[in-house]
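Student: Before anything else, here's the structure in question.
2 protein chains.
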Amino acid sequence: MTTEQETATLARRLEELLSRDDVQGAVELLDATHPADQADLFLRLDESERQTVLALLSANGIADLLEHLDEDVLGEVVEQMPRATLARVLDYTEMDIAVDILRLLPPSEAVRTLSQMTTAAQVTPLLGHSDESAGGIMTRGYVALHKEMTVGEAVAFLRATRPLAEEAYYLYVLDAGNHLQGIVNLRQLVVSDPKDKMQDVMTRDVVSVRPDTDQEEAARLLQHYRLRAIPVVDDAGVLRGIITADDIIDVITEEATEDMFRMAGLPGDDSIFAPVAVSARKRIPWLVVNLLTAFMAGGMVAIFEGTIAKAAALAVFMPIVAGQGGNAGTQTVTIVVRSMALGELEPRDAWRVLRKELALGVIRGVLFGVMVGVAAMAWKGQWGWGVVVGVAMLLNMLVAGLMGTFIPLGMKAFRLDPAVASGVFLTTFTDVLGFLFLLGLATILIGQLT
Amino acid sequence: MTTEQETATLARRLEELLSRDDVQGAVELLDATHPADQADLFLRLDESERQTVLALLSANGIADLLEHLDEDVLGEVVEQMPRATLARVLDYTEMDIAVDILRLLPPSEAVRTLSQMTTAAQVTPLLGHSDESAGGIMTRGYVALHKEMTVGEAVAFLRATRPLAEEAYYLYVLDAGNHLQGIVNLRQLVVSDPKDKMQDVMTRDVVSVRPDTDQEEAARLLQHYRLRAIPVVDDAGVLRGIITADDIIDVITEEATEDMFRMAGLPGDDSIFAPVAVSARKRIPWLVVNLLTAFMAGGMVAIFEGTIAKAAALAVFMPIVAGQGGNAGTQTVTIVVRSMALGELEPRDAWRVLRKELALGVIRGVLFGVMVGVAAMAWKGQWGWGVVVGVAMLLNMLVAGLMGTFIPLGMKAFRLDPAVASGVFLTTFTDVLGFLFLLGLATILIGQLT
């Protein structure tokens, strides 16, 4: 990977070459640059420079470049490309990416482009699947062999068809009806007797997914069995496509980002470099939800305004009790959400986890309850302060353990994403109940506080 | 992947077979189960059942099982295994995993085990690298070919040596001094003329890492260039090992978990199913840090106790101003930390991001400042309340944008992990300064509040 520094230098050199119309030099620079780095370079060019670069690249070269561009830039580039050029380019891109690109176009444009593609027959069936399903990320770029083929014939077939490297790691053995029978890898082919038949050398026990399997589940399977690719097979056993490890790496990265963002009340598709207006539109809705929950916490305090007027020092302990509850609960929510995402934790384990987190709540509660209770008593010189603050802390630690477990597991049970704003919901409980415990106890024991 | 349900059923059946001493049946059940699923099964067995299962498996079978076990269970199993058995098992495991296992043993035990391994010469050099460096996750299980070898000779060599499938995707072309010259993949071998030499068919432009490269950087490179494996080359250009995509998938998953946990003030190695005492020991230290920061927030409130005694309703707005600041800042911290982890954001972009997040702070500040200001004025019927609450909210939103950007970028600049407890530090600022703005303004305008 060229560093940011190097990319910036390359971009300046390319801009200079383009400004002097040194087409030869620009082409040489692009040819010497890996498409992944070309994509980084491309981001730094202005609109007209980008157009020039696209004009300098072959359809195959543009295809390589598009495969490495982020979705937002991709959208702009594709929109401005003549449909005939786009069709030629998409014939060269990996099919799962061709599908992603076609999805960026208005439906009528997508159909028009598709009609000019030579790979239309293979790409069209992929369009019908949801973006985040196995069908949506699979590619048809695999090598299929008939089960009666011999090893010698298979090698001759590969020599003649010259499949791409990334497509040829696993070879899929089918019957006449395209039903998946087994898998052969290139190594088996190389080391087997040329007269053996595919059905004799193939591995029959194949892990596969359905087209409507969620991409996260496909990722978990590939990771669990340490595979390079996983076939997508329909109800009838017909091979529909394959998902390769590099696409799974992207899925894993994306899903982790999505979970982190959702826990923080951020939409999964916000970007650090998005324009201010876009980010504002994406981030403000959850903050409005949060404001409503903050008003609930404020409302709880308002109920006890009279108590606070008598013992203003209660306000000092409000952020301590609520904040400590929020942080302890965030630890629990985070570990529960992540363990579920990794498939380690199922709703059926709820009791076991709940018992553990409540036990932790008791430990933390006693520990921090005593610490802040003693501190409060030492400061104010009255045992009432110690009891009110200490007990409120103890109870709020139990709420943290309980709600930290219950919120994400409950969301999962209702088939919601456990990550979504778990943090916001959790702190609502630890704030509202933390204030109730502290101020409620203070109201009862007010005689000991003043 | 067998579901939890199926694993439980299988475990019960295995336990039953073991209790009736049906060795034949137990072996058949294990043989029919993928090692990844055997590992899930193993977790559900008790100590003596585990020992029986290990006795039933061959050294190769145990090796497959160990490769799929989690580190904590792995530690227990390995500790109790006779050293001679362990040495035989480790000869069969992938070398990067053999190294991980040897690291679990006390040094003297590791040396004793190593001395009995036939692969000792290959595994020993791997032990010298840090656990999280490229050298620490690389394997020596690759296929090397001499640059003068012909395609025909290479195929004959592969047929004779029968390398494992996962090792044979890329073939590494070396000179007599083991310096990496280029890479050939199996496909190139299959489609090339048998008389061509390796140095003519190989790809010379190879992306590689050094042994001391951080594993995250290796993961980013593999992902950036969409590779299946990446060679590890020392300063002299000598090939030391390779890192394969499946190991990178594990790195990506681990690093994402670590970041999520660290942001929540959880150590990266806590586990949802760890014993209560272990989790308590892991989680409490950060909560103690958090308690100290909470005392800072409480201390800030204490300064203004007199003001609160005069206008107790200020306590109602304390959680609203502080909570909204904390949540807005958490959005910023999360997106900054994640973008840095993905290599999208470098400290040099600090100004650009800071300007954007401050602009967002102004938008959010004006929006929520007006909302809560108007609400406060409507409730209390005095303009002073609107000004105090609204302005405090506006200022705290600016703090959220500023500190949300500054804390993780600053930690990175000082070579600390930006994820570590960013959330705890952020809320310290939004709490302490939020209270200062709210209560400080109230003290100045106290005449308008009562």
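Chains A and B are the protein sequences, given in the same order.
The first sequence maps to residues 437 to 886 in our numbering.
The second sequence maps to residues 437 to 886 in our numbering.
Cβ coordinates follow ideal geometry from the N, Cα and C atoms, glycine included.
Find the nearest neighbour of residue 487(B) within the set 451(B), 796(B), 759(B), judged by alpha-carbon distance.
Tutor: Minimum Cα distance to residue 487(B) is reached at 451(B).
Student: Based on the DSSP secondary-structure assignment, which residues constitute the bridge partners of residue 666(A)?
Tutor: Answer by DSSP bridge pairing, in chain order: 679(A).
Student: How would you list, in chain order, the residues of chain B whose beta-carbon sits under 8 Å from the beta-carbon of residue 878(A)?
Tutor: Under the 8 Å cutoff, chain B gives no residues; its nearest Cβ is about 12 Å from residue 878(A).
Student: Excluding the 5 residues preceding and the 5 following residue 931(B) in the sequence, name in chain order all residues of the same chain whose CB lies nearer than 6 Å to its CB.
Tutor: As displayed, chain B neither begins before 437 nor continues past 886, which places residue 931(B) out of reach and without an answer.
Student: Determine whether the Cβ of residue 755(B) lies closer than 8 Å to any Cβ atom of chain A.
Tutor: True, the Cβ-Cβ gap to chain A drops below 8 Å.
Student: Across which residues does DSSP place residue 569(B) in a beta bridge pair?
Tutor: 650(B).
Student: Alpha carbon to alpha carbon, how far is residue 553(A) from residue 523(A)?
Tutor: So the two alpha carbons sit approximately 5 Å from each other.
Student: Got a sec: is the Cβ-Cβ distance from residue 636(A) to anything in chain B below 8 Å?
Tutor: Not closer than 8 Å to any Cβ of chain B, the Cβ of residue 636(A) fails to qualify, so no.
Student: Residues of chain B with CB under 7 Å from residue 763(A), in chain order?
Tutor: Within chain B, the residues near residue 763(A) are 701, 723, 726, 860.
Student: With a Cβ-Cβ cutoff of 8 Å, do residue 868(B) and residue 736(B) count as a contact?
Tutor: Cβ distance < 8 Å, so residue 868(B) and residue 736(B) count as in contact.
Student: So is residue 737(A) in contact with chain B if we call contact Cβ pairs under 8 Å?
Tutor: It does: the Cβ of residue 737(A) has a partner Cβ on chain B nearer than 8 Å.
Student: Going by the beta-carbon positions, is the gap between residue 854(A) and residue 752(A) smaller than 8 Å?
Tutor: No, Cβ-Cβ distance for residue 854(A) and residue 752(A) is not below 8 Å.
Student: Is residue 690(A) close to chain B? Criterion is C-beta to C-beta, closer than 8 Å.
Tutor: For residue 690(A), the answer is no, since every Cβ of chain B falls outside 8 Å of its Cβ.
Student: Using a C-beta to C-beta distance shorter than 7 Å, which residues of chain D count as neighbours of residue 696(B)?
Tutor: Included in the structure are the protein chains A and B, with no chain D among them.
Student: Figure out for me which residue from 809(A), 796(A), 827(A), 813(A) has the closest Cα to the Cα of residue 841(A).
Tutor: Here the closest residue by C-alpha is 796(A).
Student: Pop quiz: residue 829(B) and residue 760(B) are said to be a contact at Cβ under 8 Å. What is the actual Cβ separation, rounded to whole angstroms?
Tutor: About 7 Å; that satisfies the 8 Å criterion.
Student: Figure out for me which residue from 705(A), 875(A), 605(A) has the closest Cα to the Cα of residue 666(A).
Tutor: Among 705(A), 875(A), 605(A), the Cα nearest to that of residue 666(A) belongs to 605(A).
Student: Using a Cβ-Cβ cut-off of 6 Å (strictly less than) and excluding sequence neighbours within five positions of residue 576(B), which residues of its own chain qualify?
Tutor: These residues qualify, in order along the chain: 531, 558, 677.
Student: Taking the alpha-carbon of residue 507(B) as reference, which of 495(B), 540(B), 578(B), 490(B) has the nearest alpha-carbon?
Tutor: The shortest Cα separation from residue 507(B) among 495(B), 540(B), 578(B), 490(B) belongs to 540(B).
Student: Could you spell out where the alpha helix (DSSP H) holding residue 726(B) opens and where it closes?
Tutor: Element bounds for residue 726(B): 712 to 739.
Student: What residue range does the beta strand (DSSP E) around residue 606(A) cover?
Tutor: Counting along the chain, the beta strand (DSSP E) containing residue 606(A) begins and ends at 606 to 610.
Student: Using DSSP with H/G/I as helix, E/B as strand and the rest coil, what is residue 848(A)?
Tutor: Residue 848(A): helix per DSSP, three-state reduction.
Student: When the Cα atoms are used, what is the spatial distance from residue 687(A) to residue 572(A)?
Tutor: C-alpha separation (whole angstroms): 12 Å.
Student: What distance in whole Å lies between the Cβ atoms of residue 471(B) and residue 500(B), which are believed to be in contact at a cut-off of 8 Å?
Tutor: With a Cβ gap of about 4 Å, residue 500(B) and residue 471(B) count as contacting.
Student: What residues of chain A sit near residue 741(B), judged by a beta carbon separation below 8 Å?
Tutor: Neighbours of residue 741(B) on chain A, chain order: 748, 749, 751, 752.
Student: Does the contact criterion of 3 or more C-beta pairs under 8 Å hold for the segment 794 to 809 of chain B versus the segment 704 to 720 of chain A?
Tutor: A contact exists between the segment 794 to 809 of chain B and the segment 704 to 720 of chain A.
Student: In angstroms, rounded to a whole number, what distance separates the CA positions of residue 836(B) and residue 722(A)?
Tutor: Roughly 15 Å separates the two Cα atoms.
Student: Check for me: the alpha helix (DSSP H) holding residue 635(A) runs from which residue to which?
Tutor: From DSSP, the alpha helix (DSSP H) with residue 635(A) extends over 634 to 637.
Student: If you draw a straight line from the alpha carbon of residue 437(A) to that of residue 469(A), how long is it in whole angstroms?
Tutor: Caution applies to residue 437(A), whose pLDDT of 46 falls short of 50 and renders its modelled position unreliable; the model cannot decide the point.
Student: Can you check DSSP and say which residues form a bridge with residue 882(A)?
Tutor: Paired residues: none, contrary to the question.
Student: Check each candidate in 809(A), 870(A), 739(A) and name the one with the smallest Cα separation from residue 754(A).
Tutor: Comparing Cα-Cα distances from residue 754(A) to each of 809(A), 870(A), 739(A), the minimum goes to 870(A).
Student: Output yes if chain B places a C-beta closer than 8 Å to the C-beta of residue 758(A); else output no.
Tutor: For residue 758(A), the answer is yes, since a Cβ of chain B falls inside 8 Å of its Cβ.
Student: Against chain A, with Cβ distances strictly below 8 Å, would residue 479(B) count as a contact?
Tutor: So, not an interface residue.
Student: Since residue 607(A) and residue 581(A) should fall inside the 8 Å C-beta cutoff, what is the C-beta to C-beta distance between them, to a whole number of angstroms?
Tutor: The pair is a contact, with the Cβ atoms about 5 Å apart (cut-off 8 Å).
Student: Whole angstroms is fine: what's the gap from residue 694(B)'s alpha carbon to residue 648(B)'s?
Tutor: Computed Cα separation, rounded: 20 Å.
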